[in-house]
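A.B. asks: What follows is a single structure, and I will ask about it in a moment.
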Amino acid sequence: MTTEYAARYTNTVLYDDAGQKHLGDFLIHDNGAWSVSNGDEDVRYVIDGSDKLLTRSLQNWHTHLAMQLNARDFSDGFTLDRWLNEAIFPTESRLNPEYVRVGSTAAACELIATGCSFAADMYFYPAITGQVLNDAGIRGLVGGPVSDFALPSHPDAKSALDELDSLLSKQKLSDRIQYAIATHSVYLCSEETLVRASELAEKRNGRLHIHVSETRKEIADCYDKTGKYPVEYLDSIGFFKPGTICAHASWVKKNEIRLLKKHGATAVHCPSSNMKLACGGTLSLPAYTAEGVDVRIGTDGAASSGNGLDILAEARTAALVQRHDHWDATLLPAKDVFQMVTKGSKDWVAWDLDDRRMFPRGRSNNRHLANLVFNGARCLDMWVDGAAVRMNGKTTTLDEKLALQELNTSVESYYDGIE
Ligand SMILES: [Zn+2]
């Protein structure tokens, strides 16, 4: 019996899950595994890998994908309060499924082009976003937002939860797409809504996703109302379920970090978003590492973060801000931050070693990951479940030109009268 493999890369450089370098000819398997090639296996593609660098694909653990509609110069320079009330909420009040389709399609183009095959999303109309990511051939943990305010897709939190109950109970679109319950935050969700969401997570074995302890105002307001910090408060109402995704998790005490560890939560470091919105602080990695909490990296929405979804650039920012904040140049070396941003990935990316940003490669060809993390490179190929989602610098699953044209056109009506 012969086994067919997705591809053979010849004469190439491959970094495995542990960050170890391998040189030679390699097979990419349909299940995401890799092995050394003998040169005679049945493969669908034979690719000259001499100017390519193979690594696991990147992952973005906190996004609002359809907010590509709000990207670029929109609301730049606003305070968080003005940004929400004058820019985001007025435009989101006119949101509809078509805008979400256009925004998340443009987002999928950007994810793939920047080497990212997974997003943990939180945005309205999750069924649309799930379909877009599925059609794009990549992976998503697609969270439908639940809140008691500013919910353009539903009249109230209960109906948002009912929709998620239905999505979570249905046959999955594919193994690549899972739905999640994205309770916005302690300040936009009542205790009743948070408890109901948590019960739904338990009932459907779904993951929770929440913004937590992003700003000092959030902490002060929560403390005034409940006598507790946000993580303490969420713990006290039994909110956490295993794998709860906590975006930002910046302004936390050590006992809260221990609570996150106890509940098996994932904390998502979003340094660009925190700096752009002048939050005055960001996730403190050494404290999380000391407690062994699972920490990932996210760009946040394109409107609030660095205007895009380039998670490799975000990994660079994470390394920079951690070193800067802690006066410690040894924090997050390229190998470690690259593992953080690719942890658990089953997919592969071939980066362009001919990209000028990847030079010099060092006397023993030892600068690949440092060049990649701190300077970037073009994503040439991406493999997901053995399928070539991108090949030779061109995304195969989406019409990138059309997606950007539609984004441009939609933005005209989406913003109309607001700018
Ligand atoms: Zn966010």
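So the sequence shown is numbered by our numbering: it starts at 99 and just counts up by one. Note that CB positions come from ideal geometry on N, CA and C, so glycine has one too. Treat the numbers as computed from the prediction; the structure is a model and nothing was measured.
1) Got a sec: does ligand 1 put a non-hydrogen atom nearer than 7 Å to the Cβ of A345?
2) Between G241, V240, A255, which has its C-alpha nearest F247's C-alpha?
3) If you measure between the beta carbons of G396 and H160, is that distance less than 8 Å?
4) Counting along the chain, where does the alpha helix (DSSP H) carrying Y512 start and finish?
5) What number of angstroms, rounded off, separates the C-alpha of K492 from the C-alpha of M373?
6) Take the Cβ of M99 as the centre, count every other Cβ of all protein chains shown within 10 Å, and call the residue buried at 16 or more, exposed below.
7) Measuring CB to CB, does V141 end up less than 8 Å from S508?
8) With H, G and I counted as helix, E and B as strand and the rest as coil, what does DSSP make of N129?
9) Out of curiosity, what's the CA-to-CA distance linking C320 and E330?
10) Rounded to whole angstroms, what's the CA-CA distance from G325 to I335? Just pull it up for me.
11) Taking the alpha carbon of V144 as the reference point, which residue from K441, L151, L467, A104 has its own alpha carbon closest?
12) Anyone know if the C-beta pair for T364 and V419 falls short of 8 Å?
13) Mapping the DSSP letters down to three states, classify A104 as helix, strand or coil.
14) When the Cα atoms are used, what is the spatial distance from L478 to L451?
15) Go to Q437, then tell me how far its alpha helix (DSSP H) extends in each direction, as first and last residue.
16) When the distance is taken between beta carbons, is C207 closer than 8 Å to A475?
17) Out of D483, H422, G242, R459, state which residue places its alpha-carbon closest to the alpha-carbon of K444.
18) Can you give the Cα-Cα distance for G552 and D453, rounded to whole angstroms?
19) Within 10 angstroms of its Cβ, does V471 collect 16 or more other Cβ (buried), or is it exposed?
20) Got a sec: is the Cβ-Cβ distance from R461 to anything in chain C below 8 Å?
21) Could you give the residue range of the alpha helix (DSSP H) that holds S215?
22) Evaluate V366 with the Cβ neighbour count: other Cβ atoms within 10 Å of its Cβ, from every protein chain shown; 16 or more gives buried, anything less gives exposed.
23) Please state whether DSSP places K339 in a helix, a strand or coil.
C.D. replies: So, from the listed chains and residues:
1) yes
2) A255
3) Their beta carbons are under 8 Å apart, which means G396 touches H160 by this criterion.
4) 498–513
5) 32 Å
6) Note that M99 scores a pLDDT of 49, beneath 50, so its modelled location is shaky and nothing firm can be said.
7) no
8) coil
9) 10 Å
10) 13 Å
11) A104
12) It is not a contact, given that the beta carbons lie outside the stated cut-off.
13) strand
14) 10 Å
15) 432–440
16) Taking 8 Å as the cut-off, the Cβ atoms of A475 and C207 do not count as close.
17) D483
18) Residue 552 is absent from the model: the chain starts at 99 and stops at 517.
19) The residue in question, V471, is buried, as its Cβ has 16 or more Cβ neighbours within 10 Å.
20) In the structure shown, chain C does not exist; there is a single protein chain.
21) From DSSP, S215 is part of no alpha helix (DSSP H) but of the beta strand (DSSP E) over 214–220.
22) buried
23) coil
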